[in-house]
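Residue numbers (the UniProt record's numbering): 1 to 87.
Idealized CB from N, CA, C, for every residue including glycine.
Structure first, commentary second.
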């Protein structure tokens, strides 16, 4: 086996130095916790339309894949039926 190549990008596991650099977030106060549901309700639903477009595209893709699987299944069933009829 050849020499191992160095990986690029961020390290896969956190090191002691990385953990020391992380800043711990402040815990939420009781007022913030009690206000969170009202803020979520008051927030507009279409804040990020791109995620809805992405989800719609993914849904269409999954539906197309399901149709393709159904077509392939029917095709293979016909092929199996034709092969058994020929024997």
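| Query | Result |
| --- | --- |
| Residue 28 (DSSP reduced to helix, strand or coil) | coil |
| Contacts around residue 63, its chain only, beta-carbon distance under 7 angstroms, and the 5 residues preceding and following it disregarded | none |
| Rounded separation between residue 49 and residue 56 - CA only | 11 angstroms |
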